[in-house]
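The structure under discussion appears below in the form of structure tokens.
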Amino acid sequence: MALKGLDIFKLTPKTNCKECNQPTCMAFAMKVASGAIALTDCPHMSAAALDKFASATEPPMKTIDIGAGECAYKLGGETVLLRHDKTLVNSNLYGICISADMPDAAIEAALTEMTKIDYERIGKRMYVECVYVKCNSDAVRSAEVAVKAVASGRVPVLDCADPDIAKSVLGAIKEAKPVLCGANAANWEAMNAVAKAADAVLGVSGADLNELHDTVEKLEAAGNKKLILDVGSVSIKDAFANAVEIRRAALKDGDRTFGYPSIVNLAALAPGDLVTQAALASIFTLRYGSIILMERIGYAEALPLFGLRQNIYTDPQKPMRVTPGLYPIGGANENSVCCLTVDFALSYFIVSGEIERSRVPVNLLIPDAGGYSVLTAWAAGKLSASSIAKFIQEFEIDTKIKNHTLILPGKVAVLKGDLEAKLPDWKIVVGPNEAIQLVKFLSTIN
Ligand code: SF4
């Protein structure tokens with residue numbers, strides 16, 4: 241929340257000493273409010289004033305780091321409720337659930353099924369990021385299962401409300417920077433001590449939102465601001481209402497006590513019903529689940545969910561682009577034909593997919609076309625004979641590729657004449673209008 245000039249002026253020493261190169265403290269405050277200078281440019285600002293300024297200007301929702309190494313993620317940090325308001329910054333994570341009560345074979349099967357979900361979609365790796373471990377009263381067994389979760393290469397999320405058992409389990413996996421769920425109104429002090437000692441993010445729950453709010457306030461007063469809020473598992477209706485209420489309170493009402501990411505356990509909300517869990521996962525992807533847990537996630541659940549998440553968390557203000565360059569596909573070499581499309585990610589992935597499907601080795605050329613689709617790039621002057629010729633020269637395609645056959649997208653067949661004039665050593669071939677026609681087209685061109 242931005243502070244007004246007058247609010248900032250109240251924080252200054254009001255001596256008008258000019259050491260900040262401003263004529264008065266009021267002038268200084270106005271410049272700080274406009275963002276032209278920093279509050280720290282005044283050498284006489286008290287620590288209390290700096291603290292007050294920092295807490296008044298901190299974002300409404302905290303960014304929480306979980307996991308370690310290649311499994312490190314950021315959650316929260318959102319400033320808007322809806323993607324189209326601006327952008328959502330830290331995408332939600334998905335997790336599967338295992339339990340210390342499950343036999344080893346069932347745990348191995350669940351983890352193996354989870355690790356099979358690993359593919360790329362529009363330049364991003366798609367996989368399940370978290371494993372939720374429900375601990376039992378046996379600390380040794382719980383730690384054993386938690387170690388299996390860490391070995392799967394995912395962030396462990398522990399469910400344990402017993403501080404002694406939690407301490408023991410965290411001792412076995414604390415390098416993984418897990419999430420420890422289990423703090424509530426009754427045990428928050430002891431759980432806080434355990435989480436802080438292990439540098440773990442603490443998951444907090446409450447019988448209702450008032451109790452959750454009170455517990456978070458107590459944890460914050462005790463110095464813990466690495467929290468995740470459990471939306472509850474009393475009923476689907478309550479969990480959804482809580483998720484929405486918590487996020488609205490933080491972003492719309494400026495209630496920083498609720499300014500934390502949330503966790504939703506669908507395995508508890510719809511036990512044994514994977515179809516309902518998948519449907520709910522899509523709802524909580526849209527409405528404020530930061531970590532969404534399901535009993536299991538197979539390809540049937542992953543494909544729609546990960547696609548939805550990627551749509552929601554892609555910045556609508558930035559075109560999805562691939563890096564311009566030469567992309568050999570299907571074992572293409574210097575003797576393979578070249579095919580050109582634009583750097584709009586969707587165009588690239590559709591065209592490259594069809595080329596792969598054709599099983600014809602092709603050098604795919606991607607010039608800088610501003611991240612637009614073929615026709616839009618051409619209409620905007622981003623894809624022209626000159627820009628293509630310049631790309632071929634800059635990326636030394638002439639020398640890297642001996643086969644000087646260049647297939648143009650059919651929609652910009654109009655460029656053929658100009659391109660032949662600019663690239664006299666090349667044979668310019670007009671390709672099909674649609675990527676789906678490439679398979680048949682490539683089978684004839686060789
Ligand atoms: S240095 Fe600080 S006290 Fe001096 S004029 Fe600037 S704001 Fe005021």
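Numbering-wise (our numbering), the sequence shown opens with residue 241 and increments by one.
For glycine and all other residues, C-beta sits at the position ideal for the given N, C-alpha and C.
Return the chain-ordered list of same chain residues with a C-beta closer than 7 Å to the C-beta of residue i, the five sequence neighbours on each side being excluded.
i, result
"Ile-306", "Tyr-313, Leu-315, Val-395, Lys-417, Val-419 and Val-441"
"Ser-274", "none"
"Asp-493", "none"
"Thr-355", "Ser-392"
"Lys-622", "Ala-609, Gly-610 and Tyr-612"
"Tyr-588", "Val-562, Thr-581 and Ile-606"
Compute the distance between the beta-carbons of residue i and residue j, then report whether it is under 9 Å.
i, j, result
"Gly-538", "Val-504", "no"
"Trp-368", "Ile-413", "For clarity, residue 368 is Val in the given sequence; the question names Trp instead. No. Outside cutoff."
"Gly-609", "Ser-627", "The sequence shown places Ala at residue 609, rather than the Gly named in the question. Contact: yes."
"Ile-476", "Leu-520", "yes"
"Phe-480", "Ala-489", "no"
"Met-431", "Ala-401", "yes"
"Cys-282", "Thr-327", "no"
"Leu-663", "Ala-617", "no"
"Glu-318", "Leu-491", "yes"
"Ile-606", "Asp-638", "no"
"Thr-455", "Ala-435", "no"
"Thr-645", "Val-669", "yes"
"Ser-473", "Leu-509", "yes"
"Leu-604", "Ala-625", "no"
"Ala-269", "Leu-290", "no"
"Ser-598", "Leu-506", "no"
"Tyr-334", "Phe-631", "no"
"Ala-345", "Ile-338", "no"
Between residue i and residue j, how many whole angstroms is the CB-CB distance? I'm expecting something under 8 Å.
i, j, result
"Ser-576", "Asn-643", "6 Å"
"Ala-340", "Lys-302", "Not quite, the Cβ-Cβ distance comes to about 31 Å (not below 8 Å), so this is no contact."
"Ile-525", "Arg-549", "Before going further, note that residue 525 is Thr rather than Ile in the sequence given. Their Cβ separation, rounded to whole angstroms, is 5 Å, which keeps Thr-525 and Arg-549 in contact under 8 Å."
"Cys-421", "Leu-398", "6 Å"
"Arg-323", "Pro-556", "6 Å"
"Cys-579", "Val-602", "5 Å"
"Tyr-553", "Ile-304", "Rounded, the Cβ-Cβ distance is 16 Å, inconsistent with contact."
"Arg-527", "Ala-572", "Not really, about 45 Å apart at Cβ, beyond 8 Å."
Go through its chain and collect everything with a Cβ distance to residue i's Cβ below 8 Å, but skip five positions before and after it.
i, result
"Pro-544", "Ala-518 and Ser-522"
"Lys-640", "Leu-566 and Glu-574"
"Glu-360", "Met-366"
"Thr-684", "none"
"Thr-563", "Asp-583 and Ile-606"
"Ala-379", "Asp-404, Ile-405, Ser-408 and Val-409"
"Ala-425", "Gly-446, Ala-447, Glu-451, Asp-454 and Thr-455"
"Gly-512", "Glu-535"
Which residue's Cα is closest to the Cα of residue i: the options?
i, options, result
"Asn-673", "Pro-607, Asp-658, Gly-393 and Pro-649", "Pro-649"
"Asp-478", "Ala-461, Asp-448 and Pro-601", "Asp-448"
"Ala-675", "Ala-425, Leu-586 and Gln-633", "Leu-586"
"Gly-611", "Ala-620, Leu-604 and Lys-466", "Ala-620"
"Glu-348", "Arg-536, Asn-551, Val-679 and Ser-683", "Arg-536"
"Val-329", "Ala-435, Pro-299 and Gln-677", "Pro-299"
"Val-471", "Val-444, Ile-405, Gly-494 and Asp-493", "Val-444"
"Ala-406", "Gly-446, Glu-384, Leu-580 and Asp-291", "Glu-384"
"Met-285", "Ala-276, Leu-321 and Ile-248", "Ile-248"
"Lys-465", "Ala-572, Ile-531, Ser-624 and Ser-295", "Ser-295"
"Leu-659", "Thr-684, Gln-633, Val-679 and Leu-682", "Gln-633"
"Pro-559", "Lys-254, Ile-362 and Pro-511", "Ile-362"
"Ala-433", "Leu-459, Ala-425, Leu-452 and Val-409", "Leu-459"
"Ala-438", "His-453, Glu-415 and Leu-506", "Glu-415"
"Val-387", "Ile-531, Gly-411, Lys-364 and Ser-377", "Gly-411"
"Ala-540", "Asp-358, Val-320 and Lys-250", "Asp-358"
"Glu-457", "Glu-429, Lys-622 and Gln-677", "Glu-429"
"Met-266", "Tyr-372, Ala-288 and Lys-254", "Lys-254"
Please decide whether residue i counts as near chain B, where near means a Cβ-Cβ distance under 9 Å.
i, result
"Val-390", "Note that chain B does not occur in the displayed structure, where there is just one protein chain."
Beta-carbon within less than 6 Å of residue i's beta-carbon, same chain only, minus the 5 sequence neighbours each way: which residues are those?
i, result
"Ala-542", "Ile-357"
Quiz item: Which runs of the alpha helix (DSSP H) fall wholly inside the region 578 to 613 and span at least 4 residues, in chain order?
Solution: Runs found: 585 to 598.
Practice problem: Give, in chain order, every unbroken run of the alpha helix (DSSP H) that is at least 4 residues long and sits entirely within the region 441 to 507. | Solution: Residue ranges of uninterrupted alpha helix (DSSP H) with 4 or more members, entirely inside the region 441 to 507 and ordered along the chain, are 449 to 461 and 476 to 491.
Practice problem: Please write down, chain order preserved, every residue whose beta carbon lies under 7 Å from a heavy atom of the ligand FMN. | Solution: Looking at this structure, you won't find the ligand FMN anywhere; what it does contain is the ligand SF4.
Exercise. Could you name each continuous alpha helix (DSSP H) segment of 4 residues or more that falls completely within the region 513 to 584, going from the start of the chain to the end?
Key: The region 513 to 584 contains these whole alpha helix (DSSP H) runs: 514 to 526 and 539 to 552.
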